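Residues in the sequence shown are numbered from 9 upward in steps of one, following the numbering used here.
Think of the CB as a built atom: it goes at the ideal place given N, C-alpha and C, for glycine as much as any other residue.
Since this is a predicted model, take the numbers as computed values, not measurements.
Have a look at the structure below, then the notes.
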Amino acid sequence: MKKNYFVVATLGGALVGATLSMLHKDTRQSQLAAVKRTFGGASTQLSAVKQDPKGRFEEIRALYTDNQETIHNLIDDLKDLAESLRK
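See the structure below:
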């Protein structure tokens with residue numbers, strides 16, 4: 009199997025560029041803050057589910073029930089839109 013040197017070089021260049029950009033203090037701090045914002049809430053949600061899975065399920069069910077009419081209206085609107093696009 010022949011190696012695709014363009015893909016290898018592109019991925020290598022991206023890796024080197026990302027590594028060099030992380031040497032810049034401001035860039036590194038902003039990227040770490042973005043990662044913490046992205047994954048910080050996930051661990052909180054996971055611990056809440058671990059502590060009380062039934063309670064969390066009931067919260068989600070109540071949220072779904074509260075928004076059920078809106079969800080059905082959106083589904084109907086999407087069906088109407090799909091039909092009008094087919095014509």
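> Are the beta-carbon atoms of Ala-56 and Arg-64 separated by less than 8 Å?
Replying inline: As a working note, residue 56 is residue 48 in the sequence shown. As a working note, residue 64 is residue 56 in the sequence shown. Their beta carbons are under 8 Å apart, which means Ala-56 touches Arg-64 by this criterion.
> Any idea what DSSP makes of Leu-23, helix, strand or coil?
Replying inline: Numbered from 1 along the sequence shown, position 15 holds the residue referred to as residue 23. Three-state result, Leu-23: helix.
> Can you list the alpha helix (DSSP H) stretches of 4 or more residues lying completely in the region 22-81, in chain order?
Replying inline: Taking only runs of at least 4 residues, the alpha helix (DSSP H) segments lying wholly in the region 22-81 are 33-59.
>> Using only the alpha-carbon positions, how far apart do Asp-88 and Glu-77 sit?
In response: As a first step, residue 88 must be located in the sequence shown, where it is residue number 80. As a first step, residue 77 must be located in the sequence shown, where it is residue number 69. Taking the straight line from one Cα to the other gives about 17 Å.
>> Using the three-state DSSP reduction, which class does Lys-95 fall into: helix, strand or coil?
In response: Stepping through the sequence shown from its first residue, residue 95 is reached at position 87. Under the three-state reduction of DSSP output, Lys-95 falls in the coil class, being neither helix nor strand.
> In three-state terms, what does DSSP make of Lys-11?
Replying inline: Indexing the sequence shown from 1 puts residue 11 at position 3. Lys-11 carries a coil assignment under DSSP once its states are collapsed to helix, strand and coil.
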